[in-house]
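Have a look at the structure below before the remarks.
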Amino acid sequence: MKKMKHPLMGCAACAAGMFTAFTLWQNIRVKTTEYVLQSQDLPSAFDGFRIVLLADIHSRRFGDKQEQLLSRVRAAKPDLILIAGDWMDARAGKLSTCIAQARGLCAIAPVCGVYGNHELRRIRKTGQDKFGAALQKMGVQMLHTSGTRIERGGMYLNLIGVEDPAEIPDHPKKKEMMRSVDEMMERVMHGVLPDEFTILIAHRPEFFHVYAKYPIDLVCAGHAHGGQIRLPGIGGLFAPGQGLLPKYTGGKYSEGQTNMIVSRGLGGREAPIRILNMPEIVVLTLKAGES
Numbered sequence: 077m078k079k080m081k082h083p084l085m086g087c088a089a090c091a092a093g094m095f096t097a098f099t100l101w102q103n104i105r106v107k108t109t110e111y112v113l114q115s116q117d118l119p120s121a122f123d124g125f126r127i128v129l130l131a132d133i134h135s136r137r138f139g140d141k142q143e144q145l146l147s148r149v150r151a152a153k154p155d156l157i158l159i160a161g162d163w164m165d166a167r168a169g170k171l172s173t174c175i176a177q178a179r180g181l182c183a184i185a186p187v188c189g190v191y192g193n194h195e196l197r198r199i200r201k202t203g204q205d206k207f208g209a210a211l212q213k214m215g216v217q218m219l220h221t222s223g224t225r226i227e228r229g230g231m232y233l234n235l236i237g238v239e240d241p242a243e244i245p246d247h248p249k250k251k252e253m254m255r256s257v258d259e260m261m262e263r264v265m266h267g268v269l270p271d272e273f274t275i276l277i278a279h280r281p282e283f284f285h286v287y288a289k290y291p292i293d294l295v296c297a298g299h300a301h302g303g304q305i306r307l308p309g310i311g312g313l314f315a316p317g318q319g320l321l322p323k324y325t326g327g328k329y330s331e332g333q334t335n336m337i338v339s340r341g342l343g344g345r346e347a348p349i350r351i352l353n354m355p356e357i358v359v360l361t362l363k364a365g366e367s
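So the sequence shown is numbered by the numbering used here: it starts at 77 and just counts up by one.
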């Protein structure tokens with residue numbers, strides 16, 4: 077039996093090396109995930125409207141001139157690009173990287189988004205919002221618990237966004253964050269009619285039950301990083317704000333009349349490696365009519 081020790085160790089080392097190489101390869105790749113959402117509330121002019129959802133980039137670079145990202149977004153032919161927070165990383169993110177990405181995205185389609193906990197943490201640390209000022213100059217519309225209307229063919233849909241609650245002073249607990257989200261939702265939904273098609277951009281998916289209390293047709297979220305490590309039959313293992321075996325890590329979810337798409341994100345700072353969890357760009361096509 078002793079003679080088997082070295083061959084077995086060699087096989088184990090080879091398998092470990094192959095798994096490591098595969099994991100690293102997956103981490104530098106980007107996949108495109110497509111969804112279709114059909115709704116009778118969607119104005120007919122928006123039938124076929126395409127949205128690209130990006131989240132949790134965390135200041136990651138995407139090759140020369142950011143083309144690994146931009147080429148995939150361009151290929152999706154979006155009518156609108158949404159950013160669900162944590163575009164920059166609060167700890168080590170280079171502003172120039174995010175600005176280069178924003179410039180490239182603005183050349184493809186209108187860009188709207190919300191801040192995540194990382195942007196707000198950077199603002200709180202520095203006392204200024206250089207990133208927001210740069211985005212505004214380029215025409216990126218960041219929704220700070222506010223909304224706008226998107227026009228197409230003389231018809232409209234509502235696009236609203238809520239601020240991330242994590243960077244409220246004194247590090248609030250989840251109950252306090254939930255109360256804050258509810259208050260922000262009440263404020264931003266003021267004047268929105270129940271029969272109007274409404275899209276909400278919100279960084280955190282764990283408050284889906286709060287969003288679904290309101291007449292929201294679609295929530296676009298991120299923050300969960302796909303659960304960081306995904307196992308077949310189990311899904312993601314950990315997500316910030318949700319802990320172990322989180323409920324919302326990536327994909328499509330429904331509660332009542334509200335649908336939510338959660339992006340698995342494009343970066344990941346909670347752990348350096350994503351396992352069986354390739355960074356993704358989400359492409360969503362809206363269809364008018366009964367589902």
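Even for Gly, the Cβ is constructed at its ideal location relative to N, Cα and C.
Just so you know, these numbers come straight off a predicted model, no measurement behind them.
Beta carbon proximity, residue i to chain B, threshold 8 Å
| i | result |
| --- | --- |
| G189 | Looking for chain B here will not work: only one protein chain is present. |
Alpha-carbon spacing of residue i relative to residue j, whole angstroms
| i | j | result |
| --- | --- | --- |
| W101 | L145 | Unreliable placement is indicated for W101, whose pLDDT of 45 sits below 50; the coordinate value is still reported in the next sentence. Going from the Cα of W101 to the Cα of L145 covers about 16 Å. |
| E110 | L360 | 6 Å |
| S120 | D271 | 14 Å |
| G319 | G311 | 13 Å |
| A168 | G229 | 43 Å |
| G215 | A178 | 9 Å |
| F95 | A315 | In this predicted model, F95 has a pLDDT of only 49, less than 50, meaning its place in the structure is not dependable enough to derive any value. |
| F98 | E282 | Note that F98 scores a pLDDT of 47, beneath 50, so its modelled location is shaky; the value from the coordinates is reported in the next line. One C-alpha to the other measures close to 30 Å. |
| S256 | L219 | 16 Å |
| E143 | A176 | 10 Å |
| I184 | I275 | 21 Å |
| R136 | P355 | 11 Å |
| T221 | M253 | 14 Å |
Same chain only: Cβ atoms within 7 Å of residue i, ignoring 5 sequence neighbours per side
| i | result |
| --- | --- |
| Q116 | G365 and E366 |
| E346 | Confidence at E346 is low in this model, with a pLDDT of 45, below 50, so its placement is unreliable and no value can be given for it. |
Close-in-space but distant-in-sequence residues of the same chain around residue i (CB under 8 Å, 5 per side omitted)
| i | result |
| --- | --- |
| M77 | The predicted model places M77 with a pLDDT of 48, which falls under 50 and marks its position as unreliable; any figure quoted below should be read in that light. Around M77: no qualifying Cβ. |
| G124 | T361, L362 and K363 |
Residue i, DSSP secondary structure in three states
| i | result |
| --- | --- |
| Y290 | coil |
| S115 | strand |
| T109 | strand |
| E262 | helix |
| A209 | helix |
| F138 | coil |
| E356 | strand |
| L269 | coil |
| F283 | helix |
| A300 | coil |
| F368 | Residue 368 is absent from the model: the chain starts at 77 and stops at 367. |
| V190 | strand |
Proximity of residue i and residue j at Cβ, strictly below 8 Å
| i | j | result |
| --- | --- | --- |
| L196 | V187 | no |
| V264 | V238 | yes |
| M261 | V295 | no |
| F138 | L233 | no |
| H279 | H299 | yes |
| G317 | A288 | no |
| A166 | R126 | no |
| L130 | L362 | no |
| F223 | L235 | Before going further, note that residue 223 is Gly rather than Phe in the sequence given. The answer is yes: Cβ separation under 8 Å. |
Where the alpha helix (DSSP H) containing residue i begins and where it ends
| i | result |
| --- | --- |
| N193 | N193 to T202 |
| T173 | L171 to C182 |
| E366 | Careful: E366 lies outside any alpha helix (DSSP H) and carries neither H nor E. |
| S222 | Segment S222 to R228 is the beta strand (DSSP E) holding S222; no alpha helix (DSSP H) there. |
| R150 | E143 to A152 |
Cut-off 6 Å between Cβ atoms - residues of its own chain near residue i, not counting five sequence neighbours on either side
| i | result |
| --- | --- |
| A242 | N193 |
| W163 | I133 and C174 |
| I157 | V128, L181, A185 and V187 |
| R150 | I184 |
| L352 | R306 |
Residue range of the beta strand (DSSP E) that includes residue i
| i | result |
| --- | --- |
| K328 | G327 to E331 |
| I277 | T274 to I277 |
| M164 | Run containing M164: none; DSSP gives neither H nor E here. |
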